[in-house]
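Undergrad: Can you read through this structure? Questions will come right after.
Protein chains in written order, with our numbering: chain A, 1094 to 1238; chain B, 2 to 103.
Below, the structure written as structure tokens:
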């Protein structure tokens, strides 16, 4: 079966956070998600994309690559990739409340992604960039009835 | 964003979406109002917020710290399910009183 997918390439301007999450949410509507699932997807994408603009490219505008794919069994796969500075210690970065983002960042980006998606994996190389891959199984509204 | 002050109580009616991009402007406006009105209680009303990510937690934590300097309290009202879920995840109920929406 042919799977559906798309890729998106956007500059890491913070105004694109909204565009990114709305685009992924629109793609996900093909899976007939509930409102809560849509909200979880939007929030998780927003976290991942914000990480790119705040951390991956702190002093410049780089490119954020977002790709989405529908896997079998109604699983949505979202990949958010950057070619930024990389994460020195992934374990530490994933710890709730850890942040290098200053006073106004809660340090909960990864914790939010983990609580809303079924799986979150992070690959990173210093000076090369970071890839966050998230998966979420969408329970079709119709099947729930 | 609408701001209403009745002496002791400052109520801020947040509007739209809260992400990293939009939180900055909200933060500045709320802090300006706190400095001006010096309330003993700040109520943040989330009734008109259609989306929020963890930037909203940062926004709340930052205002909490700001209020604490003057011994003022913080209360969050009209949270929808999704916003409530994110606040709970962050343990915000330890810093502020939380009231879900209808």
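Cβ coordinates follow ideal geometry from the N, Cα and C atoms, glycine included. Every value quoted in this text rests on a predicted model; they were computed, and no experiment measured them.
Given a threshold of 16 other Cβ atoms within 10 Å of its Cβ, counted over all protein chains shown, does residue 37(B) qualify as buried or as exposed?
TA: So residue 37(B) ends up on the exposed side.
Undergrad: Counting contacts by CB-CB distance shorter than 9 Å, is residue 75(B) in contact with chain A?
TA: By this cut-off, residue 75(B) is not an interface position.
Undergrad: Run through DSSP, which three-state label would residue 6(B) get?
TA: Residue 6(B): strand per DSSP, three-state reduction.
Undergrad: Could you compute how far the alpha carbon of residue 8(B) sits from the alpha carbon of residue 40(B)?
TA: Their backbone Cα atoms lie some 7 Å apart in a straight line.
Undergrad: Work out the CA separation of residue 100(B) and residue 1172(A) for me, nearest whole Å.
TA: Using only the alpha carbons, I get a separation of about 35 Å.
Undergrad: Using 10 angstroms around the beta-carbon of residue 1127(A), count the other beta-carbons present and answer buried if the total reaches 16, otherwise exposed.
TA: Counting Cβ neighbours within 10 Å, residue 1127(A) comes out exposed, since fewer than 16 surround it.
Undergrad: Hey, could you find the ends of the beta strand (DSSP E) residue 1217(A) is sitting in?
TA: Here the beta strand (DSSP E) through residue 1217(A) covers 1212 to 1218.
Undergrad: Taking the alpha-carbon positions, what's the residue 65(B) to residue 77(B) distance?
TA: Using only the alpha carbons, I get a separation of about 11 Å.
Undergrad: Using a Cβ-Cβ cut-off of less than 7 Å, list which residues of the stretch 1187 to 1206 of chain A approach chain E; keep chain order.
TA: You won't find chain E in this structure, because its protein chains are A and B.
Undergrad: According to DSSP, simplified to helix, strand and coil, what is residue 80(B)?
TA: Three-state result, residue 80(B): strand.
Undergrad: Quick one: list the residues of chain B neighbouring residue 1111(A), beta-carbon separation under 9 Å, in chain order.
TA: Within chain B, the residues near residue 1111(A) are 18, 20, 22, 23 and 52.
Undergrad: Which residues bound the beta strand (DSSP E) around residue 25(B)?
TA: It is not in any beta strand (DSSP E) - residue 25(B) instead sits in the alpha helix (DSSP H) that spans 21 to 38.
Undergrad: Would you list, in chain order, the members of the stretch 1158 to 1173 of chain A that have their beta-carbon closer than 8 Å to a beta-carbon of chain B?
TA: Residues: none.
Undergrad: If I follow the unbroken alpha helix (DSSP H) through residue 1131(A), where does it start and stop?
TA: Its alpha helix (DSSP H) spans residues 1128 to 1144.
Undergrad: For the stretch 1096 to 1108 of chain A, enumerate the residues whose C-beta is nearer than 7 Å to any C-beta of chain B, in chain order.
TA: Flagged, chain order: 1107 and 1108.
Undergrad: If I'm right that residue 51(B) touches residue 1205(A) with Cβ under 8 Å, what's the distance once you round it to whole angstroms?
TA: Not quite, the Cβ-Cβ distance comes to about 17 Å (not below 8 Å), so this is no contact.
Undergrad: At 8 Å on the CB atoms, spell out the chain B contacts of residue 1130(A), in chain order.
TA: None at all; the shortest Cβ gap to chain B is about 11 Å.
Undergrad: On the DSSP bridge list, what partners appear for residue 94(B)?
TA: Answer by DSSP bridge pairing: none, since residue 94(B) is not bridged.
Undergrad: Would you kindly check if the distance between the Cβ of residue 1232(A) and the Cβ of residue 1167(A) is under 9 Å?
TA: For residue 1167(A) and residue 1232(A), yes; Cβs fall inside 9 Å.
Undergrad: On the DSSP bridge list, what partners appear for residue 14(B)?
TA: Bridge partners of residue 14(B): 3(B) and 46(B).
Undergrad: For residue 34(B), which residues in the same chain have their Cβ closer than 8 Å to its Cβ, ignoring the five residues on either side in sequence?
TA: Excluding residues within five positions, the ones whose Cβ falls inside 8 Å are 4, 6, 11 and 13.
Undergrad: What residues match up with residue 1162(A) in a beta bridge as DSSP calls it?
TA: Beta-bridge pairing links residue 1162(A) to 1098(A) and 1170(A).
Undergrad: With distances taken Cα to Cα, identify the nearest neighbour of residue 1105(A) among 1215(A), 1149(A), 1121(A) and 1196(A).
TA: Among 1215(A), 1149(A), 1121(A) and 1196(A), the Cα nearest to that of residue 1105(A) is on 1149(A).
Undergrad: Report the three-state DSSP secondary structure of residue 58(B) (helix, strand or coil).
TA: Helix at residue 58(B).
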